[in-house]
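Following this note's numbering, the numbering of the sequence shown begins with 843 at its first residue and continues without gaps.
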Amino acid sequence: VVQPPPGARVLAVSGRDNCQAFRWGEATWGVQFHPEFSVGVMKSYIHARAEALRKEGTCPRELAQAVRPTPTARRVLRRFIHLARQRARTGA
Numbered sequence: 843v844v845q846p847p848p849g850a851r852v853l854a855v856s857g858r859d860n861c862q863a864f865r866w867g868e869a870t871w872g873v874q875f876h877p878e879f880s881v882g883v884m885k886s887y888i889h890a891r892a893e894a895l896r897k898e899g900t901c902p903r904e905l906a907q908a909v910r911p912t913p914t915a916r917r918v919l920r921r922f923i924h925l926a927r928q929r930a931r932t933g934a
């Protein structure tokens, strides 16, 4: 997300992005990160994109070495699933 949709509320930013997470209206959320990625999945993703990362000036080996577990991301994903299920049941 380079720029959130007009009227969206930015929920999180980082040193690299002005929009890490946003909410738009009552039922639309967007995030830059992948809360569903485990350490293994992220390292595989880095490996698969190694050539593109090098072209962007990023060292894939260093990036892969910096990957750490993100339990907070998993909690965010579980809470989002819970919220989505609640809204599906109530139609809200």
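We put the beta carbon where it would ideally sit given N, CA and C, even for glycine.
Sequence-distant residues of the same chain with beta carbon closer than 8 angstroms to residue i, five excluded per side
i: V909; result: V881, M884, K885, I888
Among the options, the one whose alpha carbon lies nearest that of residue i
i: W866; options: K897, P877, V843; result: V843
i: A906; options: P847, A854, L895, R916; result: L895
i: V873; options: A890, R851, R891; result: R851
Other residues of its chain near residue i: CB distance less than 7 angstroms, five sequence neighbours each side excluded
i: L919; result: P877, E878
i: S856; result: Q862
Exposure of residue i, with buried meaning 16 or more beta-carbon neighbours within 10 Å
i: A930; result: exposed
i: A863; result: buried
Neighbourhood of residue i by C-beta, 6 angstroms cutoff - its chain only, sequence neighbours within 5 removed
i: W871; result: R865
i: T912; result: none
Cβ-Cβ distance between residue i and residue j below 8 angstroms
i: A915; j: F875; result: yes
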